[in-house]
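Undergrad:
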Amino acid sequence: MDKKAIGKRLVKLRAKRSQAEVCKVVGITQQALSAYETGLRMPRDEIKIKLANYYNRTVQYIFFS
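Residue numbers (my numbering): 1103 to 1167.
1. Candidates 1116, 1106 and 1104: which alpha carbon is nearest residue 1158's?
2. Please say whether residue 1156 and residue 1145 have beta carbons closer to each other than 8 Å?
3. Here's a check: name, in chain order, each residue in its chain whose Cβ is nearer than 7 Å to the Cβ of residue 1105, leaving out the five neighbours to either side.
4. By Cβ distance, which residues of its chain are closer than 7 Å to residue 1136, with the 5 residues on each side in sequence left out?
5. Which of helix, strand or coil does DSSP assign to residue 1104?
6. Is it true that the CB of residue 1110 sits closer than 8 Å to the CB of residue 1128?
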């Protein structure tokens, strides 16, 4: 898994939504989302599923393609 590529994909999926909006729905902190989007950290599996559901994509598409 390329953390930087995953981070770019997450930013692209977020589009014009704010980090705060995404975080509120998914149930994570802005610091955590920022770390995922910059490629510093990878989310736990449970958070991967929540992000995939929020963005209406598969976990495979976001994190493994």
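Positions of the beta carbon are idealized from the N, C-alpha and C atoms, including for glycine.
Bear in mind the structure is a predicted one, so any value in this text is a computation, not a measurement.
TA: According to the structure shown:
1. 1116
2. no
3. 1141 and 1144
4. 1121
5. coil
6. no
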